[in-house]
Structures are given as structure tokens and as C-alpha cells.
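Peer 1: Residue numbers (this note's numbering), protein chains in the order written: chain A, 47 to 177; chain B, 47 to 177. Please see the structure below; I have some questions.
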DNA sequence: TCAGTAGTTCGACGGCGGTCAATCTAACGG
DNA sequence: CCGTTAGATTGACCGCCGTCGAACTACTGA
């Protein structure tokens, strides 16, 4: 229930695990993610998923909604943004602003990461820089 | 000597430790930091400092320069920026752009964090948002 | 040449983090 | 009311992470 701002290092630590980073990326695209999806897309057991979602929750990164016997997670983007702001204080400079926005808003019809693709950390394409 | 881009999770993991985060913050202000300064400002022994700087180096976050028997570390801000870009893909929106720039460029005459101040994670002030 | 200093490297140790099988809880459907 | 299913909790295990003292390396200055 921690509504007070969480220490930056705790958020970093939460993001510093491949599986959790993968979860966050999935949630950024789906905007509301069923727990069952995670069980399908991640190569770990249910308890482990529960463990990771708890870590992310404690870091303030995700929000949990229980509907019936199903759980839905959503990304708290403000936390990500305030973390970026804090980083930007350390490394100001040109920032990417419009990355062919279709990649952000367009209906993601293709299924994302399957089981083995957890380690896929290759950065996506980028475009158009500015201050 | 890893010159290839480092996985995001590795960078996050490197930033997810209070002492390392403190080191990064110091380097962001000093722009070139003597190892001896770290020994004075951090509450850990020399071997531990060496260990942490190694982690940061492997994550691509800092660069090492040896001058005589002294070591100097500097922050590789590009890495921080590309990490921000990757985060921005997940949480686009208004970003802080000019945070009373004196706080960024002005000569920092006051000594920063002393021994006990490692846990000081409170975000700095901010201002002026935009896309 | 040699004593001293700066910093890394090398064990070794304690604790935390990630994992799973087993158990538990709560909601659903019949 | 009861079997089933979704997901969290518990307990245990093991490997890695952060820490330090001690030894080592390299540079300095006299």
C-alpha cells in the first residue's frame, strides 16, 4: 500500500531482473495484463510469478486489481516517469521524443514474447531527437 | 572492455544498489571523480569500493582513467540516456526539460554527501514540463 | 634502491534473492 | 454444497551479492 514515493534504488532493483523487466514491457503494451498471460509467456512456475509481481508492487511499479478469481496488473507509468526525471538530472541532453508513434499506439496484433524470449533485451528502434 | 551495448537489466541491476547509485550521483556532479574521494565519502572499505566500481564499469556506466597511481572515474551519460530512451518507450508523456539549470551547471561549492548520507534518495526539485 | 602509498585481487563469510513443490484461500460452476 | 480452478503463501534449498582483512601490484619520492 506504499503510497509514499519509493526510493530510486528500490525501483532500479525491481527492474534489474530479466523476468521482471519482461513483465513491465508486456504491461506497457497491453495496458492491463491478466496474470494468466504471464503464466503462459514466462518460463517460470506460478509461485515465482507471484513473487516477482509482489516485488514490482512493492516498488510501486504496478497496480493490482482483483476481478472474481482473476488478477489483473497494470503499469504505473508515473513511477517510471519520475525515475526518468531523476536520471535526467544526472544526464541531461537530447531526448527521443517521437519514435514513429505507430509503434506505441497501433494495435499490437502480433503476439509478443513467448517462453524462451525472456532474455530479449535488444533495444527497439528509435527516431527523432530533440531537447 | 565490452563496447557492445549492455543489456538494460544489467544496467538497472548496477543502479539498484544504494552505494553504487550514490557513486553515480557524485560522478554526475563532479564530472571526473578521484577514487580517493569515494573512500572519503562512502562508509565502506577500499575493497568494497573497488568491487562496486567494477560492477559499474561492467555495466558500461563509468569509464576508468589511470593517472600515475591514482584512478579517476567518469560517468558515461550516453548509457544513462539510452536507458532513459528505452524506458520512455514504455511510459511516454510529458518530460521535465529545464530544471532551473543553475542547479545543474552552477559551481557546486558545497561538499556533497558525507559518510552517513548514502541513503539520501530524496528526489531533487523539478520544474517546467513539456512533451 | 627502497620504504610508503593507492588501489586492485584474493579468499572467506553471512545474508539475501530467485526458484519450486506443497499447501492454503477464495471464487466459480454445477 | 462440493469439486475445480486461479493465484497467493509457506518452507526449503542454493547460488550469488556485498562485505572485509590480508596479500599483492604499481607507482612515487627521497
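Yeah, the Cβ is synthetic: ideal placement off N, Cα and C, and Gly gets one too. Model, not experiment: these values are computed from the prediction.
What is the residue span of the alpha helix (DSSP H) that residue 121 of chain A lies within?
Peer 2: No alpha helix (DSSP H) holds residue 121 of chain A; the beta strand (DSSP E) holding it covers 116-121.
Peer 1: Let me see if you follow: with CB-CB separation under 9 Å, is residue 50 of chain A close to chain B or not?
Peer 2: It does not; no Cβ of chain B falls within 9 Å.
Peer 1: So, does the segment 94-111 of chain B touch the segment 53-60 of chain B, judging by three or more C-beta pairs under 8 Å?
Peer 2: The answer is yes - the segment 53-60 of chain B touches the segment 94-111 of chain B, with three or more Cβ pairs under 8 Å.
Peer 1: Are the segment 77-91 of chain A and the segment 81-92 of chain B touching, with three or more C-beta to C-beta distances below 8 Å?
Peer 2: No, the segment 77-91 of chain A is not in contact with the segment 81-92 of chain B.
Peer 1: Taking the Cβ atom as the reference point for each residue, do residue 136 of chain B and residue 74 of chain A lie within a distance shorter than 9 Å?
Peer 2: Result yes, Cβ atoms of residue 136 of chain B and residue 74 of chain A sit closer than 9 Å.
Peer 1: So is residue 104 of chain A in contact with chain B if we call contact Cβ pairs under 9 Å?
Peer 2: By this cut-off, residue 104 of chain A is not an interface position.
Peer 1: Can you find a CB in chain B that lies within less than 9 Å of the CB of residue 71 of chain A?
Peer 2: It does; some Cβ of chain B falls within 9 Å.
Peer 1: Mind checking which residues open and close the alpha helix (DSSP H) that includes residue 85 of chain A?
Peer 2: Segment 81-87, the alpha helix (DSSP H) holding residue 85 of chain A.
Peer 1: Pick helix, strand or coil for residue 70 of chain A, following the three-state DSSP scheme.
Peer 2: The answer is helix: DSSP assigns residue 70 of chain A an H, G or I state.
Peer 1: Tell me, please, which residues DSSP counts as bridged to residue 111 of chain A.
Peer 2: DSSP, once it has assigned bridges, lists A:118 as partnering residue 111 of chain A.
Peer 1: By how many angstroms is the C-alpha of residue 129 of chain A removed from the C-alpha of residue 95 of chain B?
Peer 2: Taking the straight line from one Cα to the other gives about 25 Å.
Peer 1: Closest by CA to residue 69 of chain A, which one among A:119, A:51 and A:133?
Peer 2: When each option's Cα is compared against that of residue 69 of chain A, the closest is A:119.
Peer 1: Considering only the beta carbon of each residue, do residue 127 of chain B and residue 140 of chain A sit closer than 9 Å?
Peer 2: Their beta carbons are under 9 Å apart, which means residue 127 of chain B touches residue 140 of chain A by this criterion.
Peer 1: Looking at chain B, which residues of the segment 58-89 of chain A have a Cβ within less than 7 Å of any of its Cβ atoms?
Peer 2: Cβ contacts with chain B come from 58, 59, 61, 62, 63, 64, 67, 70, 71 and 74.
Peer 1: Select from the segment 124-142 of chain A all residues with a C-beta closer than 9 Å to any C-beta belonging to chain B, and list them in chain order.
Peer 2: Listed in sequence order: 124, 125, 126, 127, 128, 129, 130, 131, 132, 133, 134, 135, 136, 137, 138, 139, 140, 141 and 142.
Peer 1: How many Å lie between residue 64 of chain A and residue 125 of chain B at the Cα?
Peer 2: About 18 Å.
Peer 1: Considering only C-alpha positions, which residue in the set B:50, B:61, B:85 and B:71 is nearest to residue 117 of chain B?
Peer 2: With distances taken between Cα atoms, residue 117 of chain B lies closest to B:85.
Peer 1: Does the separation of the CB atoms of residue 102 of chain A and residue 62 of chain B fall below 9 Å?
Peer 2: The answer is no: Cβ separation not under 9 Å.
Peer 1: Tell me the rounded alpha-carbon separation between residue 88 of chain A and residue 115 of chain B.
Peer 2: Spanning the two alpha carbons is a distance of roughly 48 Å.
Peer 1: Where residue 93 of chain B and residue 112 of chain A are concerned, what is the direct C-alpha to C-alpha distance, given to the nearest angstrom?
Peer 2: About 48 Å.
Peer 1: What is the rounded straight-line gap between the Cα of residue 52 of chain A and the Cα of residue 123 of chain A?
Peer 2: Between residue 52 of chain A and residue 123 of chain A, the C-alpha separation is close to 14 Å.
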